Amino acid sequence: MSKATVFSDITIVTSNDDACVSVMEHAYCVVYEDKIRYVGLSKEEALEKAGLLSDDDVSVYEGKNKILCPTFANAHAHTPMSIFRNIADDFSLQDWLFGEIIPREDRMITDDFTYGHLLTLAEMIEGGTACAANMYDGANQITLASAEAGFRLQQTAMGKTCKDGVWSADSKNVEDFIALCNEQGKGLVKPSLLVHSVYLYPGSFYAELSELAKKYDIPVSVHISETIKENEDCMSSYGCTPVEYLDRAGLLSDTTVAAHCVHLTENDMRILAERKSWVAHNASSNMKLASGFADMVGMQKAGIRLCLGTDGASSNNNQDMFMEMRLASFMAKGKTYDPTVMKASDVFHMATRNGYLACGFEDCGIIEEGMKADIQIIDYDCPQMWPLGNPISALVYSCGPKCVESVMINGKFVLYKHDLMTIDFEKVRFETKKTMERLK
Ligand SMILES: [Zn+2]
9 MSKATVFSDI
19 TIVTSNDDAC
29 VSVMEHAYCV
39 VYEDKIRYVG
49 LSKEEALEKA
59 GLLSDDDVSV
69 YEGKNKILCP
79 TFANAHAHTP
89 MSIFRNIADD
99 FSLQDWLFGE
109 IIPREDRMIT
119 DDFTYGHLLT
129 LAEMIEGGTA
139 CAANMYDGAN
149 QITLASAEAG
159 FRLQQTAMGK
169 TCKDGVWSAD
179 SKNVEDFIAL
189 CNEQGKGLVK
199 PSLLVHSVYL
209 YPGSFYAELS
219 ELAKKYDIPV
229 SVHISETIKE
239 NEDCMSSYGC
249 TPVEYLDRAG
259 LLSDTTVAAH
269 CVHLTENDMR
279 ILAERKSWVA
289 HNASSNMKLA
299 SGFADMVGMQ
309 KAGIRLCLGT
319 DGASSNNNQD
329 MFMEMRLASF
339 MAKGKTYDPT
349 VMKASDVFHM
359 ATRNGYLACG
369 FEDCGIIEEG
379 MKADIQIIDY
389 DCPQMWPLGN
399 PISALVYSCG
409 PKCVESVMIN
419 GKFVLYKHDL
429 MTIDFEKVRF
439 ETKKTMERLK
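According to the working numbering, numbering within the sequence shown proceeds without interruption in unit steps and concludes at 448.
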């Protein structure tokens with residue numbers, strides 16, 4: 009038996025495919041099963057539609073002093089890294105990654121991936137995020153945990169093995185992972201290929217990874233030009249920039265999600281725009297690790313498709329997409345001495361519609377009839393948000409996770425009036441504390 013939900017007399021904020029963000033006050037939205045079935049201003053039409061669809065009574069969600077908008081899609085995350093939160097800070101990226109993080113990751117066991125991932129999902133859901141592009145090992149455990157929690161994910165397959173220091177592509181690993189997504193992902197998990205960066209594998213190996221991604225028609229997930237050192241090393245090893253190198257290897261396409269892109273040349277921007285690759289900007293992580301300030305305005309002008317990410321919780325140290333929207337906007341304004349650039353509506357579009365497109369979910373991220381029901385309800389009856397003023401400004405510049413009252417993914421409440429519905433946080437808290445003590 010399915011019940012339709014009517015969000016009643018609520019302020020709807022949404023972007024569209026022209027990156028135009030609109031506000032509709034005193035509006036109604038009907039959700040039935042996994043989809044949005046009505047968006048409009050007529051109470052009668054909404055109730056009639058809901059009544060026709062429902063086998064049961066209609067459920068009404070009162071919208072007074074509330075905003076209904078699309079949930080966020082975090083386009084660059086390393087979810088299990090939340091277990092390493094606040095234990096290795098104030099290091100350079102190289103010292104942090106190779107000295108502090110990788111040695112701990114090498115000691116992770118199966119359950120650590122599951123509970124580390126669930127810890128991050130709990131934080132993401134409470135902060136209005138319903139989808140993420142996740143770059144991490146432990147793909148199988150992560151996929152099963154996501155499906156159980158009802159969370160959308162683009163998850164990397166490892167797709168490679170290293171024996172005696174020699175890397176080789178692993179087709180079977182990719183094939184098995186695609187099968188797992190199809191059979192047990194509940195339609196919520198899509199596979200991608202972990203390429204990581206230009207500095208982790210031998211030069212000859214990148215063309216093999218490109219062939220693997222093409223063979224199975226899956227997106228590539230990669231960090232690009234995160235630091236000046238990465239660019240300098242690439243230049244001395246290969247005589248070109250990381251973007252040029254990855255492009256020659258065939259790894260840049262319209263499904264590639266390229267994280268960071270802090271230090272790009274004009275030619276790099278031209279290539280990324282031509283390939284229609286997604287660039288996931290990580291403002292907090294780039295500032296915390298002192299990687300630099302990405303030229304978001306330059307990338308926007310070059311026509312690059314932009315989205316936002318948090319990066320892992322050990323380099324951020326949270327998964328707050330409200331903060332990423334705000335910092336992306338402020339960083340761009342500060343960098344260019346121009347307060348008119350990177351408007352609230354620009355970053356809202358990047359955090360919602362563009363994020364979903366980058367993660368491969370084309371029918372999400374817009375509040376419109378026929379789209380999947382990935383929705384968050386913001387309560388603006390609080391000191392942080394009152395008086396509302398412009399709802400788009402309020403969402404980007406004033407709002408935070410504590411204002412998120414409810415979250416629906418694929419038509420199901422995963423957060424209802426501040427209660428997590430699909431994650432046992434007591435269990436997650438117990439398990440992740442144990443892991444943290446073992447690995448610290
Ligand atoms: Zn990253």
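We put the CB at the ideal spot given by N, CA and C, even for glycine.
Only a predicted model underlies this, so the values are computations on that prediction, with no experimental measurement involved.
**Prompt:** Looking at Ser50 and Tyr40, is the spacing between their C-beta atoms short of 8 Å?
**Reply:** no
**Message:** Helix, strand or coil for Trp394? Go by DSSP, reduced to three states.
**Reply:** coil
**Message:** If you follow the alpha helix (DSSP H) that Glu413 is in, where does it begin and where does it stop?
**Reply:** No alpha helix (DSSP H) contains Glu413, which is instead part of the beta strand (DSSP E) from Val412 to Ile417.
**Prompt:** So is Arg160 buried or exposed if we call it buried at 16+ other beta carbons inside 10 Å?
**Reply:** buried
**Prompt:** Who are the near neighbours of Ala81 in its chain, counting only those whose CB is closer than 6 Å to its CB and skipping five residues on each side?
**Reply:** Cys139, Gly363, Tyr364 and Cys367
**Request:** Give me the Cβ distance between Ser30 and Thr22, rounded to the nearest whole Å; I'm assuming they're in contact under 8 Å.
**Result:** 6 Å
**Message:** Given a cut-off of 8 Å on the beta-carbon distance, is the pair Val174 and Ile375 in contact?
**Reply:** no
**Item:** Helix, strand or coil at Gly454 according to DSSP, with G and I counted as helix
**Value:** What the structure shows of the chain is the stretch from 9 to 448, and residue 454 is not part of that stretch, so it cannot be assessed.
**Request:** Would you mind sorting Trp286 into buried or exposed? The rule is 16 or more other CB atoms within 10 Å of its CB.
**Result:** buried
**Request:** Since I believe Gly146 is in contact with Gln327 (beta carbons under 8 Å), could you give me their beta-carbon distance rounded to a whole number of angstroms?
**Result:** Not a contact, Cβ separation roughly 17 Å.
**Asked** On the three-state DSSP scale, how would you describe Gln163?
**Response** strand
**Message:** Please return the same chain residues whose Cβ sits closer than 8 Å to the Cβ of Leu335, not counting the five positions on each side in sequence.
**Reply:** Ala291, Ser292 and Met295
**Asked** Based on the DSSP output, what are the partners of Phe15 in its beta bridges?
**Response** Cys37 and Tyr69
**Request:** Locate the beta strand (DSSP E) running through Lys435, then write down its first and last residues.
**Result:** Looking at the DSSP string, Lys435 is not in any beta strand (DSSP E); the run it does join, the alpha helix (DSSP H), is Phe433 to Leu447.
**Message:** Can you determine whether any heavy atom of ligand 1 sits closer than 7 Å to the C-beta of Met143, and answer yes or no?
**Reply:** yes
**Asked** Buried or exposed: where does Thr128 fall if 16 or more other Cβ atoms within 10 Å of its Cβ makes it buried?
**Response** buried
**Prompt:** Taking the beta strand (DSSP E) that Ser387 falls in, what are its first and last residues?
**Reply:** Note on residue identity: the sequence assigns Asp, not Ser, to residue 387. Unbroken beta strand (DSSP E) run through Asp387: Ile383 to Asp387.
**Asked** Alpha carbon to alpha carbon, how far is Arg313 from Lys284?
**Response** 7 Å
**Asked** Does the Cβ-Cβ distance between Ala155 and Leu196 come in under 8 Å?
**Response** yes
**Prompt:** What number of angstroms, rounded off, separates the C-alpha of Ala12 from the C-alpha of Glu70?
**Reply:** 14 Å
**Close beta carbons around Ala58, own chain, < 6 Å, minus the five adjacent residues each side** = Ala12, Val14, Val38 and Val66
**Message:** Taking the alpha carbon of Ile383 as the reference point, which residue from Asp64, Ile133 and Asp303 has its own alpha carbon closest?
**Reply:** Ile133
**Prompt:** Beta-carbon separation of Ser233 and His268 under 8 Å?
**Reply:** yes
**Request:** Going by DSSP, name the residue or residues bridged to Cys170.
**Result:** Trp175
**Message:** Is it buried or exposed, Gly158, if we count other Cβ atoms within 10 angstroms and call 16 or more buried?
**Reply:** buried
**Asked** Going by DSSP, which residues form a beta bridge with Trp286?
**Response** Val265 and Arg313
**Asked** What is the C-beta distance between Phe330 and Gly397, in whole angstroms, given that I count them as a contact (C-beta under 8 Å)?
**Response** The Cβ separation is near 16 Å, so there is no contact.
**Message:** I believe Thr235 touches Met243 by the beta-carbon criterion, under 8 Å. Please report the beta-carbon distance rounded to the nearest angstrom.
**Reply:** The Cβ separation is near 13 Å, so there is no contact.
**Item:** Where Leu202 sits in the DSSP three-state scheme
**Value:** strand
**Minimum C-alpha distance to Met350 - residue among Ser212, Glu370 and Ser401** = Ser401
**Message:** Could you tell me which whole beta strand (DSSP E) segments of length 3 or greater appear in the segment 83-113?
**Reply:** none
**Asked** Roughly how many angstroms lie between the CA atoms of Glu370 and Thr151, to the nearest whole one?
**Response** 20 Å
**Request:** Would you mind stating whether Pro199 and Gln149 have Cβ atoms separated by less than 8 Å?
**Result:** no
**Message:** On the criterion of 16 or more Cβ atoms from any shown chain inside 10 Å, does His231 qualify as buried, or is it exposed?
**Reply:** buried
**Prompt:** Which value, in whole angstroms, describes the spacing of the CA atoms of Met429 and Glu445?
**Reply:** 28 Å
**Message:** Between Lys289 and ligand 1, is there a pair consisting of the residue's CB and a ligand heavy atom that are separated by less than 7 Å?
**Reply:** The sequence as given places His at residue 289; Lys does not occur at that position. The answer is no for His289.
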